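Q: Pasting in a structure now, in structure tokens, and then I'll have a few things to ask.
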Ligand code: GLN
């Protein structure tokens, strides 16, 4: 019988997994497209381990996941079915996920005007409308107050949260619309916190991950 050959990419991942034996948390960032490196920079500045993930087996190496802003149709298309199934399974068990802008669309239960977008993950009970604040040229930023701290919220072809379910908490709003919401382990912002100098939302998400990890141990 011929020997099974393990491709180098898998060997490398297996090695990395063995090396990550300390108890420090690792934040996964979905790395197909969009602002994943900006999230990584903020977390590195907070001295947190990060890992860019794209495939199902890599979800075993991380304690939470950020789905960045970018183009939701592209990111959604590139997520493979086994990745999607595992992410939903893990989320149901409390695995924390933070979706920003396009990430919010991917996590939503319902998308209106969801042209070319068939399969949102449905992990948070919100309805969103894509590109509701206009096109790229209509991008803007506003300073908002969140958790008693000021943060510059950058909106780029942002979705609007048009409905929230009874269990969803509104954490921040702008012009009477929710822009930061949470349902249990799922956190969603319609703006780009990774483009702000203030890491308060990343710290908040790290707290969610720490709580999840302490329940596991
Ligand atoms: N409008 C984009 C989409 O539908 C989201 C824009 C963003 O993430 N900045 O995917």
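Residue numbers (my numbering): 13 to 229. Note that beta-carbon positions come from the ideal geometry of N, C-alpha and C, so glycine has one too. Since the model is a prediction, treat every value here as computed from it, not as a measurement.
Hey, is residue 81 close to ligand 1, as in C-beta under 6 Å from one of its heavy atoms?
A: Stepping through the chain shown from its first residue, residue 81 is reached at position 69. Flag set: Cβ of residue 81 near ligand 1.
Q: Short of 8 Å in beta carbon distance, which residues of its chain neighbour residue 53, apart from the five on each side in sequence? Order them along the chain.
A: Locating residue 53 in the chain shown gives position 41, counting from the first residue. Result list for residue 53: 206, in chain order.
Q: Is it the case that the CB of residue 151 approaches a heavy atom of ligand 1 more closely than 6 Å?
A: Within the chain shown, the letter at position 139 stands for residue 151. Flag unset: Cβ of residue 151 not near ligand 1.
Q: Per DSSP, what kind of secondary structure is residue 90 in: helix, strand or coil?
A: In the chain shown, counting from the first residue as 1, residue 90 sits at position 78. Three-state result, residue 90: helix.
Q: Is any non-hydrogen atom of ligand 1 found closer than 6 Å to the C-beta of residue 169, if you look at the structure I gave you?
A: Against the chain shown, residue 169 aligns to sequence position 157. Checking every heavy atom of ligand 1 against the Cβ of residue 169, one is found closer than 6 Å.
Q: So, residue 119 versus residue 200, is the Cβ gap smaller than 7 Å?
A: Against the chain shown, residue 119 aligns to sequence position 107. Against the chain shown, residue 200 aligns to sequence position 188. A contact, by the Cβ cut-off of 7 Å.
Q: Does the Cβ of residue 132 have 16 or more other Cβ atoms within 10 Å, making it buried, or fewer, making it exposed?
A: One-based indexing of the chain shown puts residue 132 at position 120. Of the other Cβ atoms in all chains shown, 16 or more fall within 10 Å of the Cβ of residue 132; this residue is therefore buried.
Q: Output yes or no for whether 7 Å exceeds the beta carbon distance between residue 65 and residue 46.
A: For the purposes of this step, residue 65 is taken as the residue at position 53 of the chain shown. For the purposes of this step, residue 46 is taken as the residue at position 34 of the chain shown. No, these two residues do not count as a Cβ contact at 7 Å.
Q: At the level of alpha carbons, what is the spacing between residue 38 and residue 208?
A: As a position in the chain shown, residue 38 is number 26, starting the count at 1. As a position in the chain shown, residue 208 is number 196, starting the count at 1. Residue 38 and residue 208: Cα-Cα distance of roughly 22 Å.
Q: Which whole-angstrom value describes the C-beta separation of residue 63 and residue 73, a residue pair presumed to lie in contact below a C-beta threshold of 8 Å?
A: Taking the first residue of the chain shown as position 1, residue 63 is located at position 51. Taking the first residue of the chain shown as position 1, residue 73 is located at position 61. Between residue 63 and residue 73 a beta carbon distance of about 6 Å is seen, short of the 8 Å cut, so the two are scored as contacting.
Q: If you follow the alpha helix (DSSP H) that residue 116 is part of, which residue opens it and which one closes it?
A: What you label residue 116 is simply residue 104 of the chain shown in a count that begins at 1. Per DSSP, residue 116 belongs to the alpha helix (DSSP H) from 114–119.
Q: Considering only the beta carbon of each residue, do residue 44 and residue 78 sit closer than 7 Å?
A: The count along the chain shown starts at 1 and reaches residue 44 at position 32. The count along the chain shown starts at 1 and reaches residue 78 at position 66. Cβ atoms of residue 44 and residue 78: not closer than 7 Å.
Q: What would DSSP say about residue 61, mapped onto helix, strand or coil?
A: Your numbering for residue 61 matches position 49 in the chain shown. Residue state, collapsed to three classes: strand.
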